[in-house]
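J.: Each residue of the sequence shown is one higher than the one before, starting from 1 at the first, in UniProt numbering. Backbone N, C-alpha and C define an ideal beta-carbon position, used for all residues, glycine too. These numbers come from a predicted model, not from an experiment. Take a look at this one; I'll ask things after.
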Amino acid sequence: MIGGGVMGEAILSRLIRQGIYAAENILISEPQAERRSLLQQQYQVQVSSDNQAAAEAEEILLLAIKPQILSKVVAQLAPTTFSNSHPLIISILAGVPLSKLESAFPDQSVIRVMPNTPATVGAGMTAIATGKNVTVEELNKAKNIFTAIGEVVEVPEYLMDAVTGLSGSGPAYVALMIEALADGGVAAGLPRAIASQLAIQTVFGTAKLLQESQLHPGELKDRVSSPGGTTIAGVAALEKAGFRSALIEAVLAAYHRSQELGQ
Ligand SMILES: NC(=O)C1=CN([C@@H]2O[C@H](COP(=O)(O)OP(=O)(O)OC[C@H]3O[C@@H](n4cnc5c(N)ncnc54)[C@H](OP(=O)(O)O)[C@@H]3O)[C@@H](O)[C@H]2O)C=CC1
Ligand SMILES: O=C(O)[C@@H]1CCC=N1
């Protein structure tokens, strides 16, 4: 793995916990010394400040750096990096298209994925788009990795920026909503800890109910909204504040930013 930050840690921690990879078989190259020692102490993985060492992986090279520095990282790798090894290259970089990745790593198998941070607890959502050199075995290997940390969906690459705007960035939108729900609870007199517990479990429970019942969200909203009751008063306030359009605009803003990052 090149880049041991938030998402890199989310993925590796779960893969180790699920027993998909033994810690000693994972090498992370990361420039921050404190990050390296944290990762080594917490997960017993191998760490290095040298990307070349990580790039010479035998099986999988996971790119988990910011999209803005991909070119710099690639430029630092030796031209002979892949002369003796042909790892499956998996990129989690927002916006970076397969065309750019395949020209950075000619003749290598490259897969572009968009995971999200709930991978940390095995509840991730990952979309996969495969490059032109990828074999069925390599695609299945990538699917197995990300299935071990949550749900997986294969999409054509042109949808990956939309995926990033929704599920890639989505945990931040949901976290913001949970924080605001708890604030509402505090405003109504609840102690913060109870308000947070109520907010988190309500969002978790509603998502679980929708996932297991296959109900349309609007149908669930209608079932909760008793005539003349409390819920429809809250829903009306949300509609008045443009809650839906705010979320739609958030996804679109992130989608457009993802497209920009891919330029
Ligand atoms: N965070 C998320 O929820 C998600 C992120 N992603 C993608 O994952 C990638 C990483 O994002 P995220 O984990 O949030 O970012 P982080 O900044 O947390 O992680 C990136 C890590 O790479 C390190 N780094 C910087 N320069 C280099 C270098 N030259 N060589 C190796 N490592 C380097 C950074 O160190 P330093 O801090 O010193 O710069 C940092 O530790 C991005 O491409 C992002 O689009 C995808 C899905 C979700
Ligand atoms: O904010 C970002 O760019 C990254 C990609 C998706 C989630 N975080």
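Can you tell me whether Q112 sits near ligand 2, meaning its C-beta is under 8 Å from at least one heavy atom of the ligand?
T.: Stepping through the sequence shown from its first residue, residue 112 is reached at position 112. One point to set straight first is that residue 112 is Arg, not Gln, in the sequence displayed. Outside the cutoff, so no.
J.: Under 7 Å Cβ to Cβ from E56, same chain only, skipping five residues before and after it: list those, please.
T.: Working through the sequence shown from its first residue, we reach residue 56 at position 56. Taken in chain order, the residues that qualify are T81 and S85.
J.: Around the Cβ of Q108, are there at least 16 other Cβ atoms within 10 angstroms (buried) or fewer (exposed)?
T.: Residue 108 sits at position 108 when you count from the first residue of the sequence shown. Result: buried.
J.: Could you give the uninterrupted runs of the beta strand (DSSP E) lying entirely in the stretch 109-151, keeping only those of 3 residues or more?
T.: Taking only runs of at least 3 residues, the beta strand (DSSP E) segments lying wholly in the stretch 109-151 are 110-114 and 124-130.
J.: How do the stretch 173-190 and the stretch 96-110 stand: do at least 3 beta-carbon pairs fall below 8 Å, yes or no?
T.: The stretch 173-190 vs the stretch 96-110: no contact.
J.: Given Q76, which residues of its chain have a CB within under 7 Å of its CB, disregarding the five upstream and five downstream residues?
T.: Position 76 of the sequence shown, counted from the first residue, corresponds to residue 76. Excluding positions up to five away in sequence, the list reads N51.
J.: Name all residues in chain order for which at least one heavy atom of ligand 2 lies closer than 6 Å to the residue's CB.
T.: Checking every Cβ against the heavy atoms of ligand 2 under 6 Å gives A94, T164, G168 and S169.
J.: Determine which residues share a DSSP beta bridge with Q46 and list them.
T.: Here residue 46 refers to the residue found at position 46 when the sequence shown is read from its first residue. BP columns for Q46 point to L27.
J.: Got a sec? Which residues, its chain only, sit under 8 Å from G131 by beta carbon, not counting five neighbours each side?
T.: Start at 1 with the first residue of the sequence shown, and residue 131 comes out as number 131. These residues qualify, in order along the chain: L98, L101, E102, S109, V110, I111 and R112.
J.: By DSSP, does E154 sit in helix, in strand, or in coil?
T.: Residue mapping note: residue 154 aligns to position 154 of the sequence shown, counting from 1. Three-state DSSP puts E154 in a strand.
J.: Would you call the stretch 250-260 in contact with the stretch 147-166, where contact means no fewer than 3 C-beta pairs closer than 8 Å?
T.: They touch, by the three-pair rule.
J.: Which of the three DSSP states, helix, strand or coil, is assigned to T194?
T.: Locating residue 194 in the sequence shown gives position 194, counting from the first residue. Residue identity check: residue 194 is Ile in the sequence provided, not Thr. Three-state DSSP puts I194 in a helix.
J.: Return the first residue and the last residue of the beta strand (DSSP E) that I248 is part of.
T.: Here residue 248 is taken as the residue at index 248 of the sequence shown, counted from 1. Element bounds for I248: not the beta strand (DSSP E) but the alpha helix (DSSP H), F243 to L261.
J.: What are the start and end residues of the beta strand (DSSP E) that includes S91?
T.: Residue numbering aside, residue 91 sits at position 91 when the sequence shown is read from its first letter. Counting along the chain, the beta strand (DSSP E) containing S91 begins and ends at L88 to S91.
J.: In whole angstroms, what is the alpha-carbon distance linking G8 and I178?
T.: Position 8 of the sequence shown, counted from the first residue, corresponds to residue 8. Position 178 of the sequence shown, counted from the first residue, corresponds to residue 178. Distance between the alpha carbons of G8 and I178 is about 25 Å.
J.: Any heavy atom of ligand 1 closer than 8 Å to the CB of P97?
T.: Numbered from 1 along the sequence shown, position 97 holds the residue referred to as residue 97. P97 Cβ: outside cutoff for every heavy atom of ligand 1.
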